[in-house]
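Heads up: the sequence shown at position 406 corresponds to 975 in this note's numbering, and the numbers run straight through without jumps.
The beta carbon of each residue, even a glycine, is placed where N, CA and C say it ideally should be.
Remember, it's a predicted structure, so these values are computed and weren't measured experimentally.
Since the structure comes first, as structure tokens, the remarks are kept for the end.
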Amino acid sequence: MTIQQLSDEQIRDWTVEQKDRWWFENVYRGNMPQLTLRAALTGFVLGGLLSATNLYIGAKTGWSLGVGITSVILAFAFFKVLQQLGVSEFTILENNAMQSIATSAGYMTAPLTSSLAAYMIVNQVMLPWWQIITWNIALSILGVLFAFPMKRRFINDEQHPFPEGQAAGVVMDTLHSSDAAVGLFKAKVLGAAAGLAAFIKFCQAGGIQTFLQTSIGIAKDKVWHLHEEIFELVGLVGDRTPTWFGTKMPQLTINPSFDLAMIGAGGLMGIRAGVSLMIGAVLNYMVLAPWMIAMNEIHPSPSDGVSYGFRQITLWSLWPGVTVMVVASFVSFLSKPDVIKGAFHSLTGKRSDHDVLKDIEFPPWISVVGIPIMSVIVAVMGWYYFNVPIWASLVGLPLTFVLSLIAANSTALTGATPVGATSKITQLFYGLVRPGDIQSNLATAGITAEVVSNSSNLLMDIKPGYMLGAKPRQQAISHIIGIFSGAIASTFLFYALFTNDYDPAKPETIETIQSKEFPMPSVMAWRGVAQVLTSGLDKLAPSIRYAVVVAALIALAMEVTRIVSRNRLPLSPVAIGLAFVIDFGSALSMFAGSLLFWILGVGRVKEEQASKNLFVENHEPICAGIIAGASLMGIADAITTVFLLKN
């Protein structure tokens, strides 16, 4: 069945009540089985396994992989086999509930390769398993409570794409389509796109190629693979690497790459966000970064004293970038007081007779009552676990909510959640509130990181459910099930991998958390920022303060213009700000994807005028196939590298 969507004009001109009624009458699937026992068990098991994989990869690279599409395809294939044995069909909404659980579990590994690991190393204390599990669960539930007041705005009203969630929805619709002709054709389109992307990624996969070529004995002096980075592909390495204003371009992250997953995400986000990302990336990496390097405002890596890179640049650029996202998101949020008032109006018990979703939406009172209760619980846990004063945790929670709003806006447009950038804002805040207290700095920034991550990821999970007609309440329950699955699986695996003879009374066991085999690059960033900021605000360069003021004024002007012009401003200030906290190559790949599909007609040619245009009619399946194929092969490459090519 083709997924029904509102047109751009309807999104812009209709009220929230009109959009909700349209969804209820045209998309909602009523009482189709959703969060069944088998969906919950499948998601719990898959989520635990995939969170273990993410823990390995996060410790190696500092990144977490999205597992939604992976879990959808695995569950669909598993139940198709069982269906041949007489088991009833696994419904599309069961698969959706399952992916909510698995995706939630997959992201529960992040603190173990960032904030919590940094805390343990800096303070030379090994936290016991029960503290890690309960801390991560409490923060994640708080993130869920923060997310639902934003759901009606980002998903019901503004209909933002949430690219990864949208891709998961399209994949599920294609796999489960009841229209044989349409479903089969879209499945073929998705499969062809996924197969081509997987093949190209297979040729690029250094780990897989190394394992295969060494296993069968064809690798002699050198293992062949198709380089993803253009400079390496054409041999522009070493002394031949091009420079930009005296700095080698790869050190400025200006190394164009053929990243298929990012190209697919760019195709889903659209030309407006893609162009905005590219403008922000050019401004940051080709103008401001070289300028700040020349002024010695951006410093080289302490490891060698001469090279630069993404982490060194973002220690400067994240401040103006996050400022743009803060101001634009906050102005946008305040520009629709009716949506805000509507979220609290139902608390009085005077529900609108026109609210057709009042019995299936997440009840607003749960967030209003739950946020203060969970905030106090988290504050008490922070005091007991990390010696952070209760008042210190509570005073920072309003900031955490604001940063969750900003991150959700970014995730809505691009699929990228700036967890690292927003957590640094909290570190700055506590550098002022608790100067010299590195324990509070790391622990409270960890609160922000987890709440931001889970609120944005929940909205990403709900997007495919909204597309497919699922009940939001059951998806919230699914997300919480995944929180428990991921927290338990990743915590015990953490001790098995990164500690020797675990004993909280022996600080020397902490030394193995960070090693040559598992460098945990995110931990280095957390430690570095905490050590700088706990010494006070004067450690921030004057250029950063000027950049923040200018960024705030520009973001304010752009967002007001967007609102006044009724969203006709061709640029997105949030996407521009996001480009300051992701590398140039990723921004370029996403821009290339958005431009490619725009040239092919998506967003440029009206659908009624391009009924025979393959790319307009099958835009989402093609992009979803590219993302799925490239992501699955990328995960396989990472697993091969971690499990089969250990040093």
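Inset, instruction - For A981, I'd like the list of residues in its chain whose CB is within less than 6 Å of its CB, leaving aside the five on either flank, ordered along the chain. - result: Beyond the five residues adjoining it in sequence on each side, A981 comes within less than 6 Å, by CB distance, of F723, H729, F731 in the same chain, given in chain order.
Legend entry - A1240: first and last residue of the uninterrupted alpha helix (DSSP H) it sits in: Outside the shown range of the chain (570 to 1216) lies residue 1240, about which nothing can therefore be said.
Legend entry - Touch test, the stretch 970-980 against the stretch 1032-1047, Cβ-Cβ under 8 Å, three pairs minimum: Taking one beta carbon from each stretch, the stretch 970-980 and the stretch 1032-1047 have fewer than 3 pairs nearer than 8 Å; the two do not touch.
Inset, instruction - On the DSSP bridge assignment, give the partners of K817 in chain order. - result: In DSSP, K817 forms a bridge with T812.
Inset, instruction - Kindly identify the DSSP beta-bridge partner or partners of S872. - result: Per DSSP, S872 has no beta-bridge partner at all.
Inset, instruction - Can you check DSSP and say which residues form a bridge with S1024? - result: In the DSSP output, where bridge partners are listed per residue, S1024 has none listed.
Inset, instruction - Can you tell me which of the three DSSP states E798 falls into? - result: Strand.
Legend entry - Contacting residues, own chain, Cβ-Cβ under 7 Å from A948 (five flanking each side not counted): Within the same chain, A948 has close Cβ partners I959, S962, L963.
Legend entry - Of the residues T969, A1099, Y1064, the one placed nearest Q996, counting alpha carbons only: Ranked by how close their Cα comes to the Cα of Q996, the residues T969, A1099, Y1064 have A1099 in first place.
Inset, instruction - Would you list the one or two residues that DSSP bridges to S669? - result: Answer is none; S669 lacks a bridge partner.
Inset, instruction - Pull up the DSSP beta-bridge partners for S826, would you. - result: For S826, which the question treats as bridged, DSSP gives the partners E798.
Legend entry - Enclosing alpha helix (DSSP H) for M741 [first to last residue]: Looking at the DSSP string, the run of the alpha helix (DSSP H) that includes M741 is 732-745.
Legend entry - Backbone secondary structure at D726 - three-state DSSP: If DSSP states are grouped into helix, strand and coil, D726 belongs with the helices.
Legend entry - Beta-carbon proximity list for G1051, same chain, < 7 Å, skipping 5 on both sides: Closer than 7 Å at Cβ, skipping near neighbours: G612, G616, S669, I670, A671, T672, S673, A674.
Inset, instruction - Assuming A1221 and S992 form a contact by the criterion Cβ under 8 Å, report the distance between their Cβ atoms to the nearest whole angstrom. - result: Any answer about residue 1221 is impossible in this case: the structure gives the chain only from 570 up to 1216.
Inset, instruction - Would you mind sorting K588 into buried or exposed? The rule is 16 or more other CB atoms within 10 Å of its CB. - result: So K588 counts as buried.
Inset, instruction - Would you list, in sequence order, the uninterrupted alpha helix (DSSP H) runs of no fewer than 4 residues that lie entirely inside the stretch 671-705? - result: Runs found: 684-692.
Inset, instruction - Give me the Cα-Cα distance between K791 and W1095, rounded to the nearest whole angstrom. - result: It is roughly 36 Å from the alpha-carbon of K791 to the alpha-carbon of W1095.
Legend entry - contact_flag[the stretch 1128-1141, the stretch 820-833] where n(CB pairs < 8 Å) is 3 or more: Touching, no, given that fewer than three Cβ pairs across the two stretches are closer than 8 Å.
Legend entry - Length of the line joining the Cα atoms of V1174 and G1162: Rounded to whole angstroms, V1174 to G1162 spans 17 Å at the Cα level.
Inset, instruction - Determine the DSSP secondary structure at I769, reduced to helix, strand or coil. - result: Assigned with DSSP and collapsed to three states, I769 falls in helix.
Inset, instruction - Please determine, among Q881, P1139, D808, the residue with the shortest C-alpha to C-alpha distance to V1150. - result: Closest option to V1150, Cα to Cα, is Q881.
Inset, instruction - Note down, in chain order, each residue of its chain lying with its Cβ closer than 8 Å to the Cβ of S1112, except the 5 sequence neighbours on either side. - result: Contacts found: M861, M864, E866, W885.
Legend entry - Cβ-based neighbour list, T883, same chain, cut-off 7 Å, excluding 5 preceding and 5 following: Result list for T883: V1150, in chain order.
Inset, instruction - Tell me whether the beta-carbon of A774 lies closer than 7 Å to the beta-carbon of D1206. - result: Yes, the Cβ-Cβ distance between A774 and D1206 is below 7 Å.
Inset, instruction - Please go through the same chain and pick out, in chain order, the residues whose beta-carbon is closer than 6 Å to the beta-carbon of I777, but skip the five residues on each side of it. - result: Only D1206, T1209 meet the Cβ criterion.
Legend entry - Close beta carbons around L1213, own chain, < 6 Å, minus the five adjacent residues each side: So the list reads F780, once near-sequence residues are dropped.
Legend entry - Where F931 sits in the DSSP three-state scheme: If DSSP states are grouped into helix, strand and coil, F931 belongs with coil.
Inset, instruction - Could you pull out every residue in the same chain whose Cβ sits closer than 6 Å to the Cβ of F562, ignoring the five residues on either side in sequence? - result: As shown, the chain starts at 570 and ends at 1216. That puts residue 562 outside it, with no answer to give.
Legend entry - For W583, the three-state DSSP class (helix, strand or coil): Here W583 sits in coil by DSSP.
Legend entry - For V856 and P825, the rounded distance between their alpha carbons: Spanning the two alpha carbons is a distance of roughly 17 Å.
Legend entry - Three-state class that DSSP yields for I1082 in the structure shown: Coil at I1082, not helix or strand.
Inset, instruction - Reducing DSSP to helix, strand and coil, say where L1122 ends up. - result: Reduced to three states, the DSSP call for L1122 is helix.
Legend entry - Host alpha helix (DSSP H) of M1218 (start-end): Since the first residue shown for the chain is 570 and the last is 1216, residue 1218 is missing from the structure and cannot be characterised.
Inset, instruction - Within the same chain, show all residues whose beta-carbon is closer than 7 Å to that of F593, passing over the 5 residues directly before and after it, in chain order. - result: Contacts found: V925, L926.
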